[in-house]
Each structure stands twice: as structure tokens, then as C-alpha cells.
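Down below is the structure, laid out as C-alpha cells.
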Amino acid sequence: MKKLLVALLILSAFVALVGCSAAPNKPVQYRVMTMKWGQNQQAAPDPRCQSFRFSPADVVSFFEHAQGVSPKMFHQVAQNSSCNYHGLLMVDGDIQQWMVTAAGVGYLSRGIKGTENRHFICSDDCAKVFGKRLNHYQLP
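The sequence shown lines up with residues 366 to 505 when you count with the working numbering.
Have a look at this one:
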């Protein structure tokens, strides 16, 4: 009887493990709440700003395909741009501030003062979506 109970416990643990590992990862859900154009008049003019046009669908695609990187990596490889789109983005039910620049970089920020920044760079997957519309990077 004891052996049967142990066998049933092992079998139920195995079934639970297989069931958990087979569950698909839920994709992050993005929804643009607000979107505005911005340009830093004090920065050097960026010729990419002339053709930089983004829609709410582009914002979602950017964050779905851009690569999240560490602040250190971001500052090593990212270029700056004088123009951007920015606003509020619902990320899995959490409203965050966002920005995407013509240089192919983006940010998500939480909190009242925009702390807890996450950095994004348009690399391989992102380049497949946006092609020459956005600058993209080869990451080490």
C-alpha cells in the first residue's frame, strides 16, 4: 500500500511538471494610450527626423521586436536623435511612459518621475520589421 501511495505521488508530481512546462509563454500585451511628436530644438538637427513617421501600431511593433538591453550596453552602442515619439503605453495592464527615437532606440519608464527605465535597441528582429525606416544595431 505504501509503495502504491509513493508511486501515485511520483506520478502526480510528474504530470504536474509536464503540464507546467507545456504551458505557452503569454506574450506581453501593449496598448498605446497617448502619443506625441517631440523634437529637441537645442540638439543638432538629425536628417532622419524628416522621414521618421510612427503610428500606434509601429510603437507596439517596436517594443515587441526591439531588444531590451542593460543601461551599460545601451550607452555603449546607442546613438542619439533630436526627434522622438513619446507618450503613455499600457504594458500588461501597467501604464508606463515610453519614447522611441529616429535613432532606433526606445525607453519604458515607470513611476511618477520616470524612474525604473528599461532600454531598448532596434537590432535584428526589429530591423526585419522596420527595414530602413529605423536605424538598427548589430549587438555584440
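Backbone N, C-alpha and C define an ideal beta-carbon position, used for all residues, glycine too.
- prompt: First and last residue of the alpha helix (DSSP H) that includes VAL393?
  reply: Careful: VAL393 lies outside any alpha helix (DSSP H) and carries neither H nor E.
Exercise. Please determine, among HIS430, GLY476 and MET464, the residue with the shortest C-alpha to C-alpha distance to GLN404.
Key: MET464
Q | For SER426, the three-state DSSP class (helix, strand or coil) | A | helix
Exercise for review: Indicate whether PRO410 and SER446 have their beta-carbon atoms separated by less than 8 Å.
Suggested key: no
ask   = Which first and last residues belong to the alpha helix (DSSP H) in which GLN415 is found?
value = Neither: GLN415 is in no alpha helix (DSSP H) and is coded neither H nor E.
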